[in-house]
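Asker: Quick note on my numbering: the first sequence kicks off at 21 and runs consecutively.
In this text, a Cβ means the ideal position worked out from N, Cα and C, and glycines have one as well.
In this text, all values refer to a predicted model and were calculated from it rather than measured experimentally.
One structure, as structure tokens, below. Some questions next.
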Amino acid sequence: MSGPAQPADIYRFEPTATAAGLATKHAELEPGRETDESVTIAGRLMLRRGQGKLAFGQLQDATGRIQLFVPSDVTPYFEEFTALNLGDWIGVTGDVMTTRKGELSVKVRDWCVLAKTQRQFPEKWHGIADVDTRYRQRYLDLVVTPESARTFRMRSAMISLMRRWLEDRDFMEVETPLLQPIPGGALAKPFVTHHNALDLELYLRIAPELYLKRLVVGGFERVFEIGRVFRNEGLSPRHNPEFTMLETYAAYWDYSDQMRLTEDLTAHLATELLGTTKLAYNDRELDLTPPWRRATLTELTSTAIGQPVSIDMAIDDLRALCVTHGVDVHPHYGPGKLLLELYEKTTEHTLWGPVFVCDYPKEVSPLARDHRSQPEMTERFECIVAGRELCNGYSELVDATEQLARFRDQAAKSDYDDEAMAVDADYVRALEYGLAPTAGLGIGIDRLLMLLADVSSIRDVILFPTLRPEQNA
RNA sequence: GCGCCUCUAGCUCAACGGCAGAGCAACGGACUCUUAAUCCGCAGGUUCUGGGUUCGAAUCCCAGGGGGCGCACCA
21 MSGPAQPADI
31 YRFEPTATAA
41 GLATKHAELE
51 PGRETDESVT
61 IAGRLMLRRG
71 QGKLAFGQLQ
81 DATGRIQLFV
91 PSDVTPYFEE
101 FTALNLGDWI
111 GVTGDVMTTR
121 KGELSVKVRD
131 WCVLAKTQRQ
141 FPEKWHGIAD
151 VDTRYRQRYL
161 DLVVTPESAR
171 TFRMRSAMIS
181 LMRRWLEDRD
191 FMEVETPLLQ
201 PIPGGALAKP
211 FVTHHNALDL
221 ELYLRIAPEL
231 YLKRLVVGGF
241 ERVFEIGRVF
251 RNEGLSPRHN
261 PEFTMLETYA
271 AYWDYSDQMR
281 LTEDLTAHLA
291 TELLGTTKLA
301 YNDRELDLTP
311 PWRRATLTEL
321 TSTAIGQPVS
331 IDMAIDDLRA
341 LCVTHGVDVH
351 PHYGPGKLLL
361 ELYEKTTEHT
371 LWGPVFVCDY
381 PKEVSPLARD
391 HRSQPEMTER
401 FECIVAGREL
411 CNGYSELVDA
421 TEQLARFRDQ
431 AAKSDYDDEA
441 MAVDADYVRA
451 LEYGLAPTAG
461 LGIGIDRLLM
471 LLADVSSIRD
481 VILFPTLRPE
491 QNA
């Protein structure tokens, strides 16, 4: 039998070089030079140009592309080589050289077929324009859309950098339950599931918060978790039902310390990944250089609507203001909820940021500690960047009695608010054993990456976003 | 869940009430320095699905499906 080695016979292959590695090593090689450096390289054939008794190819591996130089008097099975389909995986061995025009190439002395594609590849120049195809067939998107592959490599690098940065500051990575009997730590609708052996309703976590603070009670003074959370809510360019959060908790800290952590960590990531903290997002300048602006929710809202508001103004006046600005007011809204709604309706989307919006009403912050000087408010912040929430943090509520009261307050709302929290008695018990002053932070990893990678849909930073199943796949 | 837009060859796109087409890919051929190579040839279709209007529908209308964006919910 004659021909190159075929996939059926190849179980293992050992490349000795990569496209990017060769490009770096031979950046100085002048046009028309041949070396005696023999390399073995593997990847997908993405372009092929026949030239009679000479052929050229572009091989794409995990690091980039390199040209293959294929003369019929050097390369065995020349006919078979020119019959390859775009998208086939091949392995080649040959000498590093440059063409007369100076293109770095590998002159193929031997080659084999590692995998044949049975489907035609998308158009080599335009790639895939249909985003539905890109999301459903991400494997194909990654091959033919360089920006997409770049974004997901950046995601991996970003998470790795985060881990290292936190570990360098004595934060310890932990894992807490995804299946929770009482979904807590955020105001959101959970996914429900069932455990057969225990005959128990369980919920996919909406946040790891309450478990992480239990660990601080346990003496793990600085912890973090990077993991998936699930919220049973609508999809949008900024929402996917499962997304990734970083949460950190540090004993002895207050919310100012967490704000500093947020800006320092983000600036570090931007510097490492992009080489700068001054980026462009959606064609608009975005300067992440610390320190970031700090302003209170109350003053930002007052500025936005052009008149002073506060949580202690007469509730009827606050209600009237909300109605004026188009907020859908419910009768059970207290002043805190009204103020928050007014802020979200009129102010949040106008903040390009980055800005730390500080001091949220107690009514809407059931896990945050009372503000040290402002009654009815808590020491809580959200960071707004490009008009949307990037993170949420606070000085943690450490008083068990107060926490139980806040939980009961929440539970009382469950009749009309399906996002209200349930009472978590064990969490209260944990607090009864004593929680040192502590501050916590949650950052949406996907949204952070959207900023750094300059993409406007969350589906561009999640490898396999949630989609309706195909009907006739 | 509601509103607007969209769906044509493997891919990227034309045709916009009058014979469904091009480029790339695929297939056959020419070419020993190409760069999205070029040239010649050939093949490729349930125009998302189902109804309707019309002499005639990819095109107009209705219903359904997929997707995008906006609103609402939220991070």
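L293: which of M178, L455, A340 and E490 sits nearest, CA to CA?
Answerer: As a position in the first sequence, residue 293 is number 273, starting the count at 1. L293 has its Cα closest to that of M178, out of M178, L455, A340 and E490.
Asker: Within the segment 449-473, note down every full beta strand (DSSP E) run reaching 3 residues or more, in order along the chain.
Answerer: Listed in chain order, the complete beta strand (DSSP E) runs (minimum 3 residues) inside the segment 449-473 are 458-464.
Asker: At 4 residues or longer, and completely inside the segment 32-78: list those alpha helix (DSSP H) runs for me, N to C.
Answerer: Here the runs fully enclosed are 39-45.
Asker: Just mark S176 as buried or exposed, buried being the case when its beta carbon has 16 or more other beta carbons within 10 Å.
Answerer: Residue numbering aside, residue 176 sits at position 156 when the first sequence is read from its first letter. Burial call: exposed.
Asker: Should A39 be labelled buried (16 or more other beta-carbon atoms within 10 Å of its own) or exposed?
Answerer: To locate residue 39, count along the first sequence from 1; it is residue 19. By the neighbour-count rule (16 or more Cβ atoms within 10 Å), A39 is buried.
Asker: Under the DSSP definition of a beta bridge, which residues are partnered with M192?
Answerer: Numbered from 1 along the first sequence, position 172 holds the residue referred to as residue 192. V243.
Asker: Roughly how many whole angstroms lie between the Cα atoms of R85 and Q78?
Answerer: Indexing the first sequence from 1 puts residue 85 at position 65. Indexing the first sequence from 1 puts residue 78 at position 58. Rounded to whole angstroms, R85 to Q78 spans 6 Å at the Cα level.
Asker: Within 10 angstroms of the Cβ of A103, are there 16 or more other Cβ atoms? Answer buried if so, exposed if not.
Answerer: One-based indexing of the first sequence puts residue 103 at position 83. Counting Cβ neighbours within 10 Å, A103 comes out exposed, since fewer than 16 surround it.
Asker: Is Y453 buried or exposed, if buried means 16 or more other CB atoms sit within 10 Å of its CB?
Answerer: Numbered from its first residue, the first sequence carries residue 453 at position 433. It counts as exposed.
Asker: Excluding five sequence neighbours on each side, which residues of the same chain lie with their C-beta closer than 6 Å to the C-beta of R234?
Answerer: For the purposes of this step, residue 234 is taken as the residue at position 214 of the first sequence. For R234, where only same-chain residues beyond five positions count, the Cβ hits under 6 Å are A450.
Asker: Within the same chain, show all residues whose beta-carbon is closer than 7 Å to that of F33, passing over the 5 residues directly before and after it, in chain order.
Answerer: In the first sequence, residue 33 corresponds to position 13, counting from 1. If we look at F33 and ignore the five residues flanking it on each side, its Cβ neighbours are A62, G111 and L134.
Asker: Does the segment 136-151 come close enough to the segment 106-120 that 3 or more CB-CB pairs lie under 8 Å?
Answerer: Flag = yes, the segment 106-120 and the segment 136-151 touch.
Asker: Residues in the same chain with beta-carbon distance under 8 Å from R400, minus the five sequence neighbours each way, listed in chain order, please.
Answerer: The residue you call residue 400 lines up with position 380 of the first sequence. Here the set comprises Y275, C378, D379, Y380, S385, A388, N412, G413, Y414 and S415.
Asker: Kindly indicate which residue of A425, D29 and L461 has the alpha-carbon position closest to the one of E283.
Answerer: Residue 283 sits at position 263 when you count from the first residue of the first sequence. Nearest of A425, D29 and L461 to E283, Cα basis: L461.
Asker: What is the residue span of the alpha helix (DSSP H) that I335 lies within?
Answerer: Start at 1 with the first residue of the first sequence, and residue 335 comes out as number 315. Here the alpha helix (DSSP H) through I335 covers I335 to T344.
Asker: If you draw a straight line from the C-alpha of S330 to the C-alpha of N216, how long is it?
Answerer: As a position in the first sequence, residue 330 is number 310, starting the count at 1. As a position in the first sequence, residue 216 is number 196, starting the count at 1. Rounded to the nearest angstrom, the two C-alpha atoms are 50 Å apart.
Asker: Can you list the alpha helix (DSSP H) stretches of 4 or more residues lying completely in the segment 226-271, in chain order?
Answerer: Taking only runs of at least 4 residues, the alpha helix (DSSP H) segments lying wholly in the segment 226-271 are 229-237.
Asker: If L285 sits next to A406, beta carbons under 8 Å apart, how far is it from one beta carbon to the other, in whole angstroms?
Answerer: Translated into positions along the first sequence, residue 285 becomes position 265. Translated into positions along the first sequence, residue 406 becomes position 386. Rounded, the Cβ-Cβ distance is 18 Å, inconsistent with contact.
Asker: Does the Cβ-Cβ distance between V448 and L424 come in under 8 Å?
Answerer: As a working mapping, residue 448 is identified with position 428 in the first sequence. As a working mapping, residue 424 is identified with position 404 in the first sequence. Their beta carbons are under 8 Å apart, which means V448 touches L424 by this criterion.
Asker: Is I30 helix, strand or coil by DSSP?
Answerer: The residue you call residue 30 lines up with position 10 of the first sequence. Coil.
Asker: Compute the Euclidean distance between the alpha carbons of F172 and D332, then round it to the nearest angstrom.
Answerer: Residue mapping note: residue 172 aligns to position 152 of the first sequence, counting from 1. Residue mapping note: residue 332 aligns to position 312 of the first sequence, counting from 1. If you take the alpha carbons of F172 and D332, they lie about 47 Å apart.
Asker: Go ahead and label M192 buried or exposed: buried means 16 or more other beta carbons lie within 10 angstroms of its beta carbon, across all protein chains shown.
Answerer: Your numbering for residue 192 matches position 172 in the first sequence. M192 is exposed by the Cβ-count criterion.
Asker: Measuring straight from C-alpha to C-alpha, what distance separates S92 and R69?
Answerer: By one-based count along the first sequence, residue 92 stands at place 72. By one-based count along the first sequence, residue 69 stands at place 49. About 13 Å.
Asker: In or out: W145 buried (at least 16 other Cβ within 10 Å) or exposed?
Answerer: For this step, residue 145 is matched to residue 125 along the first sequence. Answer is exposed; the Cβ neighbour count stays below 16.
Asker: With respect to the beta strand (DSSP E) encompassing H369, which residues constitute its N-terminal and C-terminal limits?
Answerer: Counting from 1 along the first sequence, the entry for residue 369 is found at position 349. H369 -> no beta strand (DSSP E), and no H or E assigned at all.
Asker: Buried or exposed: which applies to Y31, given that a residue is buried once 16 or more other Cβ atoms fall within 10 Å of its Cβ?
Answerer: Translated into the one-based positions of the first sequence, residue 31 becomes position 11. Exposed, because fewer than 16 other Cβ atoms sit within 10 Å of the Cβ of Y31.
Asker: Does A440 come out as helix, strand or coil in the three-state DSSP assignment?
Answerer: Numbered from its first residue, the first sequence carries residue 440 at position 420. Coil.
Asker: With a CB to CB cut of under 6 Å and the five nearest residues on each side skipped, what residues in its chain are close to R189?
Answerer: Along the first sequence, read from residue 1 onward, the residue named residue 189 stands at position 169. So the list is empty, once near-sequence residues are dropped.
Asker: If I'm right that E54 touches D152 with Cβ under 8 Å, what's the distance once you round it to whole angstroms?
Answerer: Numbered from its first residue, the first sequence carries residue 54 at position 34. Numbered from its first residue, the first sequence carries residue 152 at position 132. About 47 Å; that fails the 8 Å criterion.
Asker: With distances taken between CB atoms, is the gap from L289 to T268 smaller than 8 Å?
Answerer: Here residue 289 is taken as the residue at index 269 of the first sequence, counted from 1. Here residue 268 is taken as the residue at index 248 of the first sequence, counted from 1. Not closer than 8 Å, so no.
Asker: Would you check if the segment 221-230 and the segment 246-258 touch, i.e. whether three or more CB-CB distances between them fall below 8 Å?
Answerer: These segments touch.
Asker: Which whole-angstrom value is the C-beta distance of P51 and R120, which I expect to be below 8 Å?
Answerer: As a working mapping, residue 51 is identified with position 31 in the first sequence. As a working mapping, residue 120 is identified with position 100 in the first sequence. Indeed they touch by this definition, with Cβ atoms about 6 Å apart.
Asker: Would you call V90 buried or exposed, if buried means 16 or more other Cβ atoms sit within 10 Å of its Cβ?
Answerer: Position 70 of the first sequence, counting from 1, holds the residue named residue 90. V90 comes out buried.
Asker: State the start and end residues of the unbroken alpha helix (DSSP H) segment that holds F141.
Answerer: By 1-based counting over the first sequence, the position of residue 141 is 121. Element bounds for F141: n/a, residue is neither H nor E.
Asker: H369: buried (16+ other C-beta within 10 angstroms of its C-beta) or exposed?
Answerer: Taking the first sequence and counting its residues from 1, the one referred to as residue 369 is at position 349. H369 comes out exposed.
Asker: Can you tell me the Cα-Cα spacing of D277 and S168, whole angstroms?
Answerer: Walking along the first sequence from the start, residue 277 turns up at place 257. Walking along the first sequence from the start, residue 168 turns up at place 148. The alpha-carbon atoms of D277 and S168 are separated by roughly 35 Å.
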